[in-house]
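Chains as they are written, first to last, in the numbering used here: chain A, 921 to 1335; chain B, 921 to 1335. Below: the structure, in structure tokens.
What follows is the structure in structure tokens.
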């Protein structure tokens, strides 16, 4: 069973927004055994949408369409559906009742004319209730192919997927079992890993596919397979995972589906009953945000401080002014002192600190763009490390965050 | 001149990564006058890639392909190019020299066999030097259509676009001028805005297209047009922008190309010679990260504190323990006290504070999931506001950050 995701909207094609919906939909479909054949982003243009519908119908079984359902004039999806299905828009009382209810409850204003048009839907469509918005989802079939239309607003689309689309697909089809397992590694490049696991890769059963995913100084190794009986698929995968784990033991962090690296660190800290605090300069809050974006961070993260200005490093963190004058604010000594001070300030077991220059221009110090110092304080002591992270601001921050997580992880494992 | 972007990689189709490259490429192409007709994400599969090449060639002039160029076995792009162009891979000394140089300089290890294969390129291809990686870019032509292949690693792709692809396209074609202008608004829904500007929209010249982009409680209004003479296009657009600005004056923030909202706030603060500090609880660093992700934040942002645990609100920020006991940690009183305290701690003119419950479960208080209090301290005094932000963690945090920026913006404008 193959799906084709079509996202409609000029905002994607001019680069104004990044399409994050497709990744969510792809993951959700894989989870119930449906492979995604292609994702296409097309213009708010009837002919182009019709062309993409025809292409998708010819090559896939399920066509998932997002976007183009809003109350405003730039949205053309519904009329295009009517043309493709030789259908017409009819008034649907159920949809109007739902829209009226939402307005009464949340907007607390009378219904606008443009919102009433949302109750016009193709006559052949099965309506999918949108719990989180006014534009209904739609389900239409033609020649054994299923077309599903959802609004592009992410949380509305997610609600429709969860409560309407996925349950219906699971009921209608007898779907296989797709399994992806991704090992997180660090400290070794893609080519070097490939060379090391060459024999393993050559001997992999043909049903299992291996992929390498490098990102910000790390490589993820993904094994993918598909089958009918879950237990058999799991067992076949398990054999290969055990082999691979041994081969990459020294650079292995964990599995991606066990959570992000910061979640794995959090679980370790909770298991040890330890706490963490953070002092950030060049990473500017990106490090703490990585921890707090996962639920459960309050179980180990006491707090963090972004001391962006030099004077706040002195006045708030209590770093010795003489130390900064002697070594400069971007130095190993200051990174280490920041870690020690923030650990004291929040009274935690571990602390991480960053200071550096992410660019594009030089800041409060003469340090070259890309210079990063990471300080770590542990129950046993403290240390700082020096790195050169290149000259792209976003990449310097991304790599510094990843490196800080790795160093913290190593320290926690020592204890 | 139309382009089709093809991204190759199973990792996109299984939802493991979000395709951010296409947004970057689309923006860059629009900037030099090339429209993007479609973006397609396809599997690491030769037949599928060939099919997408044929489709793209039939409907577009420039086909930009990313991904599938790494040194490992899951990458199939080069052999597919050979098949499509009836070509063969030949050894290229220039590429090998470049790869060898990169290894010597950065990896400091001998070249691996798999990296040597990167010097094998289709004989008909013009090589585009990849300054930031080992996989070369390639430029091939067929029947007047241009195919460009780049690696999928974002900073490598960006370097190739900037130094190789865009200059060559500008030189080869006489391109038109594409102009997008996006007004940022807040405080009014999409439908209500559409109703208010209906006459304006109906009277828009046919060359100008209007789009509504709602996101996290805000609506962006985009006007797009294309023409040959830059001055004429700018003038036609300016007339409409002035009309629209007046119509939405009370909800208008600024223009998107002047920078993100937080940059606009930063510019205001710098112009006034004022400083900012932040205390975050439920937003967990997302607010400060919004400011520091833009260069120049050090001109007004002194520092910030994420006080995730209740005890750090007391011990680090100095919020009165009795106040927390009386009103609970998620309350207007505590939000206001956090703002006042962090302002004092970093000695700034303005301060923002957030406390709430982003979910999924209840935290250190009994507050319902979605409850958010935002405190603001200014040179004149302090205040706190209460919001219910729904029950999706990511959305609660996103809306709270946007709302905090709006409230701060309003306070700054008062002074």
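Glycine residues also receive a C-beta, built at the ideal position from the N, C-alpha and C atoms. Predicted model only: the values in this text are computed from it and were never measured.
When you compare the CB positions of residue 955 of chain B and residue 922 of chain B, do they come within less than 7 Å of one another, or not?
yes
Got a sec? Which residues, its chain only, sit under 6 Å from residue 982 of chain B by beta carbon, not counting five neighbours each side?
923 and 1066
Can you find the residues in the same chain that come closer than 7 Å, C-beta to C-beta, to residue 1291 of chain B, ignoring five residues on each side of it along the sequence?
1250, 1276, 1277 and 1308
Quick one, are the C-beta atoms of residue 1157 of chain A and residue 1089 of chain A less than 7 Å apart?
no
For residue 957 of chain A, which option in A:948, A:936 and A:925 has the closest C-alpha, if you only look at C-alpha atoms?
A:925
First and last residue of the uninterrupted beta strand (DSSP E) at residue 1200 of chain A
1196-1200
Using a Cβ cut-off of 7 Å (strictly closer), state whether residue 1215 of chain B contacts chain A.
yes
Whole angstroms are fine: how far does the CA of residue 1155 of chain A sit from the CA of residue 1244 of chain A?
57 Å
Rounded C-alpha distance that separates residue 987 of chain A from residue 1124 of chain B
23 Å
Please list, in chain order, all residues of the same chain as residue 1231 of chain B whose beta carbon is under 8 Å from its beta carbon, the five residues on each side excluded.
none
Closest Cβ-Cβ distance between residue 1265 of chain A and chain B: below 7 Å?
yes
Does the count of Cβ pairs from the stretch 1286-1301 of chain B and the stretch 1250-1263 of chain B closer than 8 Å reach three?
yes
Three CB pairs or more closer than 8 Å across the stretch 1267-1275 of chain B and the stretch 1187-1198 of chain B:
yes
Please check if any C-beta of chain B sits within less than 7 Å of the C-beta of residue 992 of chain A.
yes
Residue range of the unbroken alpha helix (DSSP H) whose run includes residue 1244 of chain B:
1241-1247
Could you say which of B:1050, B:1041, B:1073 and B:1018 lies nearest to residue 927 of chain B if we only look at CA atoms?
B:1073
Distance between residue 1306 of chain A and residue 1255 of chain A (C-alpha atoms, nearest Å)
10 Å
On the CB-based measure, 16 or more other CB atoms within 10 Å of its CB, does residue 1333 of chain B come out buried or exposed?
exposed
Which of the three DSSP states, helix, strand or coil, is assigned to residue 1223 of chain A?
strand
Look at the alpha carbon of residue 1246 of chain A and the alpha carbon of residue 1326 of chain A, and state the distance between them as a whole number of angstroms.
29 Å
Residue 1303 of chain A vs residue 1203 of chain A beta-carbon contact at 7 Å:
no
What in chain B is Cβ-close to residue 975 of chain A, meaning under 9 Å?
975
Separation of residue 1000 of chain B from residue 1009 of chain B, as counted between CA atoms
11 Å
Flag residue 1414 of chain B as yes if its beta-carbon sits less than 7 Å from any beta-carbon of chain A, otherwise no.
Absent from the model: residue 1414 of chain B. The displayed extent of chain B is 921 to 1335, so no value can be given.
With respect to the alpha helix (DSSP H) encompassing residue 1008 of chain B, which residues constitute its N-terminal and C-terminal limits?
Here residue 1008 of chain B belongs to no alpha helix (DSSP H), and DSSP marks it neither H nor E.
With 7 Å as the threshold, decide whether the Cβ of residue 959 of chain A is near any Cβ in chain B.
yes
Pairing CB atoms from the stretch 1163-1183 of chain B with CB atoms from the stretch 1101-1109 of chain B, are three or more of them under 8 Å?
yes
Residue 1183 of chain A versus A:1211, A:1331 and A:984, residue with shortest Cα-Cα distance:
A:1211
Can you name the start and end residues of the alpha helix (DSSP H) that residue 1265 of chain A belongs to?
1252-1266
Relative to chain A, which residues along the stretch 1127-1146 of chain B have a C-beta separation below 9 Å, given in chain order?
1129, 1130, 1131, 1132, 1133, 1134, 1135, 1140, 1142 and 1144
Where residue 1209 of chain A meets chain B, residues with beta-carbon distance less than 7 Å:
1204, 1205, 1206 and 1209
Contacting residues, own chain, Cβ-Cβ under 8 Å from residue 1113 of chain B (five flanking each side not counted)
1105, 1132, 1139, 1141, 1168 and 1171
Going by CA-CA distance only, name the one from B:1207, B:1190 and B:1205 that's closest to residue 1220 of chain B.
B:1190
Using the Cα positions of residue 941 of chain B and residue 1181 of chain B, report the straight-line distance between them to the nearest angstrom.
23 Å
Does the Cβ of residue 1242 of chain B have 16 or more other Cβ atoms within 10 Å, making it buried, or fewer, making it exposed?
exposed
Taking the CB atoms as reference points, tell me whether residue 1224 of chain A and residue 1198 of chain A lie closer together than 7 Å.
yes
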